[in-house]
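Numbering (the numbering used here), first residue to last: 103 to 289. Here a beta-carbon is modelled for each residue, glycine too, at the ideal position from N, C-alpha and C. Below is one structure, written out as structure tokens; the observations come after it.
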């Protein structure tokens, strides 16, 4: 499998869990280079809105999506999720949550819940960290290599962000009134 095929498989796995139907509107939080938006339009015939804070990704995604032959609405915004308040049917976020500051997590879940209908769905694809409790329960010893790697992740990959533990996601989702229907750990 090529890297491109693997990326497409990841996107298909994520979008497939949302029960998308033609004509729905999908919000992609942290839409990156527009791959999930393009796939959603082409495979599921939905309207899409992508939001990103990156000007480069915004410009690239706009150009990429402009070439899709579709009657659906296709939009990319240079906007944070905090300012987004349109109603949508589904939300997907692949690899963006890790960049959010932990003190903003509850507001993210609340905003997501508020813009979805009663039968709405959100798929959150994020990197998880083991909590100290999990590490202790599993007998995982913290090494200097782990500390260096964690420091690298927090300073170079997700500066200002934080990796959540699985129980953080459950707690945040439930506090925002979501029901967690499925968890799939990918390794």
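Distance between residue j and residue i (C-alpha atoms, nearest Å)
{"i": "residue 282", "j": "residue 271", "result": "9 Å"}
{"i": "residue 230", "j": "residue 200", "result": "8 Å"}
{"i": "residue 181", "j": "residue 135", "result": "14 Å"}
{"i": "residue 165", "j": "residue 156", "result": "14 Å"}
{"i": "residue 288", "j": "residue 190", "result": "27 Å"}
{"i": "residue 274", "j": "residue 158", "result": "31 Å"}
{"i": "residue 113", "j": "residue 119", "result": "10 Å"}
{"i": "residue 206", "j": "residue 223", "result": "20 Å"}
Other residues of its chain near residue i: CB distance less than 6 Å, five sequence neighbours each side excluded
{"i": "residue 128", "result": "142, 148, 150, 192"}
Segment limits, beta strand (DSSP E) that includes residue i
{"i": "residue 226", "result": "223 to 227"}
Extent of the continuous alpha helix (DSSP H) to which residue i belongs
{"i": "residue 179", "result": "No alpha helix (DSSP H) contains residue 179, which is instead part of the beta strand (DSSP E) from 176 to 180."}
{"i": "residue 149", "result": "That residue, residue 149, is in no alpha helix (DSSP H); its beta strand (DSSP E) goes 149 to 154."}
{"i": "residue 297", "result": "Here the chain covers residues 103 to 289 and nothing more, so residue 297 does not appear."}
{"i": "residue 139", "result": "137 to 146"}
{"i": "residue 116", "result": "105 to 118"}
{"i": "residue 274", "result": "268 to 277"}
{"i": "residue 238", "result": "234 to 240"}
{"i": "residue 199", "result": "Counting along the chain, residue 199 falls outside any alpha helix (DSSP H), and DSSP gives it neither H nor E."}
{"i": "residue 214", "result": "207 to 217"}
Burial state of residue i (16 or more Cβ within 10 Å)
{"i": "residue 244", "result": "exposed"}
{"i": "residue 227", "result": "buried"}
{"i": "residue 130", "result": "buried"}
{"i": "residue 105", "result": "exposed"}
{"i": "residue 132", "result": "buried"}
{"i": "residue 146", "result": "buried"}
{"i": "residue 178", "result": "buried"}
{"i": "residue 286", "result": "exposed"}
{"i": "residue 153", "result": "buried"}
Per DSSP, the bridge partner or partners of residue i
{"i": "residue 193", "result": "129, 224"}
Spatial neighbours of residue i in its chain, beta-carbon cut-off 8 Å, leaving aside the 5 residues before and after
{"i": "residue 267", "result": "230, 231, 232, 233, 236"}
{"i": "residue 116", "result": "138, 194, 196, 225, 227"}
{"i": "residue 255", "result": "265"}
Any non-hydrogen atom of the ligand MN closer than 8 Å to residue i Cβ
{"i": "residue 270", "result": "The ligand MN is absent from the structure shown, which contains no ligands of any kind."}
Chain-order list of residues whose beta-carbon lies under 7 Å from that of residue i (same chain, five-residue window excluded)
{"i": "residue 252", "result": "none"}
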